[in-house]
Amino acid sequence: MERTLVLLKPDALQRDLVGEIISRLERKGLKIVGLKMMQLSEELLNEHYSHLVGRPFFPEVKSFMQQTPVIALCLEGTECVDTVRLLCGITKAREAAPGTIRGEFAMSVQANLIHCSDSLETAKAEVPRFFQPEELFSYDDILERYIYNTSERE
Ligand code: UDP
Ligand code: MG
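Listed below in structure tokens is the structure:
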């Protein structure tokens with residue numbers, strides 16, 4: 794099964810939306826295989842947001858992401874990278890679709906509550922960037938056979 798990286802950004806912590814967001818991801822049927830709080834370093838942010846280096850807003854994004862610790866999650870599920878992107882909504886939160894996390898709870902392009910990997914290839918780079926192997930867990934999810942049919946669980 795795919796794994797994807799989620800970060801709950803400083804605005805999620807400040808606005809007391811951590812539980813709400815994790816609850817939505819959990820209730821969808823996604824499996825939490827890693828979860829921790831961390832303060833992001835300059836170095837990690839340069840790597841994580843390397844596609845934004847040189848953009849005028851990049852320094853502001855970095856300082857925003859360092860305002861408080863973030864919550865990092867690794868989620869597992871069938872084709873979960875795309876699923877989590879859909880649940881998050883588009884970057885510009887005030888135009889994100891109703892029902893999405895950004896669409897329901899945010900107004901800003903920058904303070905849009907959540908990061909999630911944008912492709913399977915990105916997820917494969919991002920998960921090990923934020924989690925050591927021993928911080929990721931494999932365990933039986935007793936509800937899995939109700940969440941997926943047999944062929945979807947392979
Ligand atoms: N961002 C911003 N201004 C922009 C574009 C992006 O402040 O014009 C911030 C915003 O927090 C966004 C993050 O940089 O979530 C990463 O940008 P990306 O284009 O990867 O968007 P995402 O994948 O988070 O939707
Ligand atoms: Mg992105």
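In the numbering used here, the protein residues as written are 794 to 947. Ideal placement from N, C-alpha and C gives every residue a C-beta, glycine not left out.
For residue i and residue j, which I take to be in contact (beta-carbon distance under 8 Å), what is that distance rounded to the nearest angstrom?
i    : j    : result
R796 : E869 : 5 Å
L801 : V863 : 6 Å
V874 : L913 : 5 Å
Using DSSP's beta-bridge definition, name the partner residues of residue i.
i    : result
M830 : I864
R887 : Its beta-bridge partners do not exist; DSSP assigns none.
I907 : L801
Does DSSP put residue i in a helix, in a strand, or in coil?
i    : result
K824 : strand
G812 : helix
E872 : coil
E795 : strand
N839 : helix
T915 : helix
S931 : coil
F850 : coil
V902 : coil
Q807 : helix
L936 : coil
F949 : The question about residue 949 has no answer here: the residues shown for the chain are numbered 794 through 947.
E947 : coil
On the CB-based measure, 16 or more other CB atoms within 10 Å of its CB, does residue i come out buried or exposed?
i    : result
T943 : exposed
D933 : exposed
P852 : exposed
L798 : buried
P891 : exposed
R922 : exposed
F850 : exposed
P926 : exposed
E835 : exposed
H844 : exposed
D809 : exposed
Requested in this report: Inspect the CB distances between the stretch 826 to 840 and the stretch 920 to 932 and report whether three or more fall short of 8 Å.
Outcome: yes
Stretch-stretch touch, CB-based, cutoff 8 Å, three pairs: the stretch 880 to 897 with the stretch 828 to 848 = no
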